[in-house]
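Shown next, in structure tokens, is the structure this report addresses.
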Amino acid sequence: MLRLMAWWEGVKFRMRDEAGQGMVEYGLIIALIAVVLIGALVAMQGGLSNIFNGVADTLNNPQGATGN
67 MLRLMAWWEG
77 VKFRMRDEAG
87 QGMVEYGLII
97 ALIAVVLIGA
107 LVAMQGGLSN
117 IFNGVADTLN
127 NPQGATGN
């Protein structure tokens, strides 16, 4: 009987233990941020492509980009 009571107290303690809850919440927040960032990048794909192409053109031909 004493073993059963000790086992039951251990089960109750483990059920109250919330040490992993914080890590799960951080994981969910990071996943949500990743989904939002991916959605934003997909939505702005054309604009970002133009910006990066402009930067690449400027780096490849700095005189032509400034008009000098």
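Position in the sequence shown (from 1) plus 66 gives the number in the numbering used here.
Note that the Cβ used here is the ideal one computed from N, Cα and C, for glycine as well.
Asked: Return the CA-CA distance between I104 and Y92, expressed in angstroms with no decimal places.; Found: 18 Å
Asked: Note down, in chain order, each residue of its chain lying with its Cβ closer than 7 Å to the Cβ of F118, except the 5 sequence neighbours on either side.; Found: none
Asked: For M67, which three-state DSSP category applies?; Found: coil
Asked: Which runs of the beta strand (DSSP E) spanning at least 3 residues fall entirely within the region 90–114, listed in chain order?; Found: none
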